[in-house]
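This report concerns only the one structure given below.
Numbering (the numbering used here), first residue to last: 3 to 600.
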């Protein structure tokens, strides 16, 4: 079964037809998956249950003078009255503005930038975050996202990094149905998931949680500010029911049946009606292009929606979006700590036949990395939905290290062995801000740093976890970091397991470290300068023309769920660091990596 394209492409010379509709409410606009010649434009037009013919205008001027480019389509009732059009015929390295109209009603104006078509050393500025739970509406962490005070003016793109809604209940927001794999309740599931995507866009009435069209409108402003590259994660897939797309349809949710650790059944969740229904709802609400994978010799990947994607952004960076949900083997139970404090073994995660990406995507990713290295692209930006670092003894069964350790090591060893420098992994999911070095096993029983590689975790935009910390003082966060009784995210546990502590101390080219509350960050950076577990927010990255990388994390203090605050102060700078490249030579060390020295 192939996924249908719901795009309508018409010549730019077509003129908008008059329309009788006047009561249309636009629930936001978005642009995504931009290349140097096109971008996917999205909107939802609420017209009281009727479909609406719409015209999309695209111009380099926000006032849309003269003859803007015109694209036309009709909202789709089956897609909850959303519309996606492919704006073709664009110029590279250009800022565009766009809007939808039907002749009388006009949508808000959105903005996006097309990538350069060549390998010029142009500056690139982008951001990322994810995790938008309706319990934390209307997401004040991104209120005023496009203002200079928030530090986000002029983004070339934003990575909307998964969990773009939650299927769970919140005040005024019932949970979705538990989606059946066989699709027996597919109609209701589609209705429920469409509703959840709407809720994170729209406003919310204080106290009741009622969805309203007035006041702050959820993440609408954030989506319109710049172009998007959006990632699938577990909450778009019902959290547990279908989160492992490569698992067999008959397996238990968390893989307690060891015989299903590696799927050899011939059936896959990603081919099931339930999985495809939830992916359909996700695609309906995001500006994502739709194409299918052709891999006849690999039934796990063949005829699935292709969500992995690579886009060059000038000479200094390439964005590589990974799909680590649609093909992964079943999630394993989390590893734990025994009563005596020792790590409960989880050898199943070391099974070399288990896969996170599937062999088709993994082979593609390796080729993209080799190509980027051969082309002289400095920063290889890999966007993943699950963290790939180590966090000490306790391991989440859905993470790379906790459940897919062999393939994780294969990928990181490939990076090290092929001297692929400056690999930057971006992710959210853990609902905290941290930056870490990465380790792998160059041979059994050894641990070494992957030369030049790092991971940055940020967010959530609005989610549980940060709200558990109400003391935001610097001293308290230091105590959280160094508390040995905490099962995860603390330095004593990391060091005890021969993992590098949180932070980039000693990383080649590190400079200009800043941490709110730490006057010694620049002169003597330590782990706390790369750690903030108590904030909702996002991270902005600048890659300069000389390839210097600047990473800035912005946030607001956490707040309790279902309180619906309406703050006006934008997120403020919490942490910053820079990585400057040497003027001559390379900081990439010989294959084999550096020994871990905490």
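For every residue, glycine included, the Cβ atom is placed at its ideal position computed from N, Cα and C.
Could you pull out every residue in the same chain whose Cβ sits closer than 8 Å to the Cβ of residue i, ignoring the five residues on either side in sequence?
i           : result
residue 212 : 174 and 206
residue 452 : 414, 417, 418, 425, 439, 440, 441, 442 and 595
residue 91  : 14, 39, 40 and 71
residue 280 : 181, 191, 195, 238, 239, 240 and 244
residue 101 : 31, 58, 59, 66, 108, 109, 110, 111 and 112
residue 188 : 181, 182, 275, 276 and 279
residue 523 : 515, 516, 517 and 531
So which of the options has the shortest CA-CA distance to residue i?
i           : options               : result
residue 66  : 103, 34, 75 and 40    : 103
residue 34  : 27, 314, 63 and 43    : 43
residue 61  : 46, 335, 558 and 99   : 99
residue 547 : 316, 478 and 499      : 316
residue 298 : 292, 145 and 306      : 306
residue 107 : 361, 92, 58 and 292   : 58
residue 366 : 296, 287, 318 and 486 : 296
residue 564 : 264, 405 and 208      : 208
residue 577 : 485, 434, 185 and 545 : 434
residue 234 : 171, 227 and 164      : 164
residue 461 : 428, 220 and 581      : 428
residue 322 : 276, 382 and 328      : 382
residue 259 : 145, 225, 88 and 332  : 332
residue 303 : 282, 318, 270 and 144 : 270
residue 364 : 78, 390 and 412       : 412
residue 392 : 139, 446, 456 and 263 : 456
residue 508 : 89, 179 and 580       : 580
residue 558 : 139, 144 and 69       : 144
How far does the beta strand (DSSP E) with residue i in it reach, from first residue to last?
i           : result
residue 76  : 71-76
residue 574 : 574-581
residue 538 : 537-545
residue 59  : 55-61
residue 518 : Neither: residue 518 is in no beta strand (DSSP E) and is coded neither H nor E.
residue 554 : 551-559
residue 172 : Where residue 172 is concerned, there is no enclosing beta strand (DSSP E), given that its DSSP letter is neither H nor E.
residue 43  : 41-48
residue 86  : 84-89
residue 115 : 112-115
residue 160 : 159-163
residue 532 : It is not in any beta strand (DSSP E) - residue 532 carries neither H nor E in the DSSP assignment.
residue 180 : Neither: residue 180 is in no beta strand (DSSP E) and is coded neither H nor E.
residue 261 : Neither: residue 261 is in no beta strand (DSSP E) and is coded neither H nor E.
Could you tell me if residue i is buried or exposed, where buried requires 16 or more neighbouring beta carbons within 10 angstroms of its beta carbon?
i           : result
residue 505 : buried
residue 1   : Since the first residue of the chain shown is 3 and the last is 600, residue 1 is not available in this structure.
residue 623 : Residue numbering for the chain in the displayed model covers 3 to 600; residue 623 lies beyond these limits and cannot be assessed.
residue 192 : buried
residue 478 : exposed
residue 372 : exposed
residue 261 : exposed
residue 272 : buried
residue 436 : buried
residue 266 : exposed
residue 96  : exposed
residue 151 : In this prediction, residue 151 scores a pLDDT of 41, lower than 50, which makes its location untrustworthy; the coordinate-derived value is nonetheless stated afterwards. Label assigned to residue 151: exposed.
residue 50  : exposed
residue 76  : exposed
residue 318 : buried
residue 283 : buried
Looking only at its chain, what residues have a beta carbon closer than 7 Å to the beta carbon of residue i, apart from the 5 residues adjacent to it on each side?
i           : result
residue 503 : 493, 496, 497, 529 and 600
residue 407 : 351 and 352
residue 287 : 84 and 199
residue 171 : 177
residue 27  : 48 and 215
Under 8 Å, Cβ to Cβ, is there at least one residue of chain D near residue i?
i           : result
residue 516 : Of the chains in the structure shown, none is chain D; there is only one protein chain.
Output needed for residue i: all residues of its chain with C-beta closer than 6 Å, excluding positions within five of it in sequence on either side, in chain order.
i           : result
residue 158 : 115, 126, 127 and 128
residue 330 : 246, 248 and 358
residue 119 : 38 and 94
residue 214 : 205 and 207
residue 584 : none
residue 274 : 183 and 251
residue 485 : 492
residue 422 : 371 and 375
What residue does the alpha helix (DSSP H) around residue i start on, and which one ends it?
i           : result
residue 405 : 402-405
residue 495 : 493-498
residue 506 : Premise fails: residue 506 is in no alpha helix (DSSP H) and is neither H nor E.
residue 362 : 361-376
Starting from the N-terminal side, write out each stretch of the beta strand (DSSP E) that is 3 residues or longer and does not extend beyond the stretch 269-349. 311-314 and 319-323
Inside the stretch 444-488 only - beta strand (DSSP E) runs reaching at least 3 residues: 450-459
Inside the stretch 182-251 only - beta strand (DSSP E) runs reaching at least 3 residues: 230-233
If you scan the stretch 379-436 from start to end, which runs of the beta strand (DSSP E) of 3 or more residues do you find wholly inside it? 381-385 and 425-429
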